[in-house]
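A.B. asks:
What follows is the structure, encoded as C-alpha cells:
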C-alpha cells in the first residue's frame, strides 16, 4: 500500500520539457508503462542529457519526467522527457513544451510499483492548503518526477519514492 511521506512547496523557474507527447490511445492497459519501456530500451533519454549541466537551477531538475496536460474540452496529453533550460535545442524526433515559473506542491508517494501510481495526492494537498492552479490558457499541469536515488534505489523493503508535483496557487 502506498502512502504519502512528505508534502512541500517548491518554486521552480520557467523550464522547457524536451521529450515526446502521447495521448490516451497510446496507453496499454490504461497506463503509459509501455512508452516508458520504449524510452529505456531504445536509449531515448541519451540525446537529452546535458553535457555540462553546471549548477542545477532547482532541486531534482535532472530527473526523468512524466508530464500531464489537463484542460477541459481538450485531449489529455502525457509527455515523457526531461526539463531543460529555455534556450536548449530540441533534437530531431523530439518536441518541447514550455512551462511557466511558479510554485509546485510536491508529494512524496512511498511504496511499491504499481501502487505508487494510483495514489491520489489531491485530497492531501487540499488538506495542506494547496489548490491546483491553471495557467493563463486554462491548462492544469502536473508531473511525475523520477528522482535519483529516491525512485531508482529501492529501500530494504523494496519501496521507492515517486514525486508527484502539481502547479499550485
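Residue numbers (our numbering): 280 to 448.
Just so you know, even glycine gets a beta-carbon here, dropped at the ideal spot from N, CA and C.
Fair warning: this is a prediction, and the values are worked out from it, not measured in the lab.
1) Just how far apart, CA to CA, sit residue 343 and residue 443?
2) Per DSSP, what kind of secondary structure is residue 422 in: helix, strand or coil?
3) Determine the DSSP secondary structure at residue 327, reduced to helix, strand or coil.
4) Could you give the DSSP three-state label for residue 403: helix, strand or coil?
5) By a C-beta neighbour count over all protein chains shown, 10 Å radius and 16 as the cutoff for buried, is residue 446 buried or exposed?
6) Can you give the Cα-Cα distance for residue 318 and residue 360, rounded to whole angstroms?
7) For residue 293, count neighbouring C-beta atoms within 10 Å of its own C-beta (all shown protein chains included) and say buried if the count is 16 or more, exposed if not.
C.D. replies: Taking the structure as given:
1) 12 Å
2) strand
3) The answer is helix: DSSP assigns residue 327 an H, G or I state.
4) helix
5) buried
6) 9 Å
7) exposed
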